[in-house]
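With the UniProt record's numbering as the guide, the letters of the sequence shown map in order to residues 461 to 741.
Beta carbons: idealized from backbone N, C-alpha and C, even for Gly.
Below is one structure, written out as structure tokens; the observations come after it.
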Amino acid sequence: TAMYAAKRGGRGRYRVYTPELDTRARDAELRHAVADGQLLLHYQPAVDLRGDVIVAVEALVRWNHPERGLLMPGAFIDLAEETGAIVPLGEWVLREACRQAARWRTEVPAAAGIYLNVNLSPLQVKQSGLVEIVTGILAETGFPADRLVLELTERIVLEPDEATLDRLHALCELGVRIAVDDFGTGHAAINYLRRLPVSLLKLDRSYVAGIDDDPRAYAVAAAVAGLGAAFGMHVVAEGVETPAQAGRLLEMGCRYGQGYLYHRPQPGDELTALLTRAELL
Ligand code: C2E
Ligand code: CA
Ligand code: CA
Ligand code: CA
461 TAMYAAKRGG
471 RGRYRVYTPE
481 LDTRARDAEL
491 RHAVADGQLL
501 LHYQPAVDLR
511 GDVIVAVEAL
521 VRWNHPERGL
531 LMPGAFIDLA
541 EETGAIVPLG
551 EWVLREACRQ
561 AARWRTEVPA
571 AAGIYLNVNL
581 SPLQVKQSGL
591 VEIVTGILAE
601 TGFPADRLVL
611 ELTERIVLEP
621 DEATLDRLHA
631 LCELGVRIAV
641 DDFGTGHAAI
651 NYLRRLPVSL
661 LKLDRSYVAG
671 IDDDPRAYAV
681 AAAVAGLGAA
691 FGMHVVAEGV
701 ETPAQAGRLL
711 EMGCRYGQGY
721 LYHRPQPGDE
731 LTALLTRAEL
741 L
């Protein structure tokens with residue numbers, strides 16, 4: 461990668477930015493976006509593969525950038541993680557998602573049983589005030605702790621420090637559930653799962669994608685399904701795109717799925733309409 465990126469500065473001159481300056485400017489822009497209300501959430505349901513009933517909804521952040529249009533998380537989450545902007549961003553996501561999901565519970569009584577899944581970055585999990593922030597947001601929005609699922613990446617659960625472990629157990633005490641996201645990609649020492657209050661494994665979509673024609677992907681997926689059963693954890697397959705994949709997953713004992721075959725991520729009001737169609741619940 462280039463050490464310097466030349467950008468057109470004011471008055472038609474070229475100015476030279478170091479990558480550090482560029483990072484700082486982009487960080488400032490992102491923090492401003494959070495405060496300025498430029499972020500929004502899309503929601504993707506997860507279903508019970510037997511009957512396609514919606515069991516959960518995952519909040520996925522987008523950035524409605526004033527010049528660049530709608531940005532997907534791939535365009536800004538890594539930077540946010542690097543600079544720490546993910547902390548205020550993630551707190552905004554949790555608050556907004558709980559607010560929206562609390563509204564669904566009152567507007568669509570049949571949706572009261574579904575879970576709300578929110579992604580937490582490693583930095584958020586390492587934050588000493590995390591439990592207080594979660595407690596505060598639940599109190600403020602009225603969303604019940606026992607319907608909230610926090611999705612953690614495999615890296616953080618692989619080697620949690622004692623304080624992180626305490627925080628996860630404290631969240632669990634509140635009734636909040638913990639999921640391991642992208643499961644299978646981090647070469648997790650599966651042993652760690654025994655120490656952690658995890659109730660959900662999200663099988664990474666790379667395995668789902670290979671389930672039909674790659675025997676190794678099939679074997680990993682089946683192993684994760686078996687692990688879930690042995691540990692009393694639910695398994696949600698990510699990125700289910702074809703009926704054949706869904707059939708294979710069911711046959712290996714994976715009961716839940718999320719993917720374009722069922723529902724794409726969509727704005728909150730579209731999901732309200734979807735949830736209102738009661739046959740989906
Ligand atoms: P993820 O948590 O694994 O979320 C699932 C991603 O897979 C989403 O991408 C979703 O749109 C996509 N997806 C769902 N079904 C299918 C399918 O059938 N096929 C394919 N090919 N893709 C599917 P998205 O929304 O671009 O999010 C990407 C990642 O960004 C997320 O991956 C998550 O790691 C991160 N992310 C999103 N929102 C947040 C957030 O609020 N906080 C944090 N820390 N990370 C977030
Ligand atoms: Ca996730
Ligand atoms: Ca995932
Ligand atoms: Ca992923």
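Residues that DSSP places opposite residue i in a beta bridge
i    : result
D522 : Checking the sequence shown, residue 522 turns out to be Arg, not Asp. BP columns for R522 point to L500.
V695 : L661
Y575 : A516
Y716 : D508 and V696
V585 : In DSSP, V585 forms no bridge with anything.
Q560 : Looking at the DSSP assignment, Q560 forms no beta bridge with any residue, so it has no partner.
L580 : DSSP lists no partner for L580.
Residue i classed as buried or exposed, judged by whether at least 16 other C-beta atoms fall within 10 angstroms
i    : result
Y464 : Below a pLDDT of 50, predicted positions are generally treated as unreliable, and Y464, at 43, falls in that range; the measurement from the model is reported next regardless. Exposed: under 16 other Cβ atoms inside 10 Å.
P505 : buried
I546 : buried
S588 : exposed
Sequence-distant residues of its chain with Cβ nearer than 6 Å to residue i (five each side left out)
i    : result
Y678 : I671
Sub-8 Å separation of residue i and residue j beta-carbons
i    : j    : result
Y652 : L610 : no
D508 : R715 : yes
L721 : E701 : yes
L539 : A561 : no
R555 : I597 : yes
V696 : G717 : yes
Cβ-based neighbour list, residue i, same chain, cut-off 7 Å, excluding 5 preceding and 5 following
i    : result
P548 : R491 and V494
P657 : L628, H629, C632 and I638
T595 : L634
L531 : R522, W523 and H525
H502 : L520, R522, P725, Q726 and P727
Limits of the alpha helix (DSSP H) - the one that residue i falls within
i    : result
L490 : P479 to A495
E614 : E614 to L618
G728 : G728 to T736
Minimum Cβ-Cβ distance from residue i to chain B less than 8 Å
i    : result
F691 : The structure shown contains no chain B; it is built from a single protein chain.
Residue i - containing beta strand (DSSP E), residue span
i    : result
R637 : R637 to F643
Beta-carbon contacts of residue i that lie in its chain and below 8 Å, excluding the five residues immediately before and after
i    : result
R676 : G670
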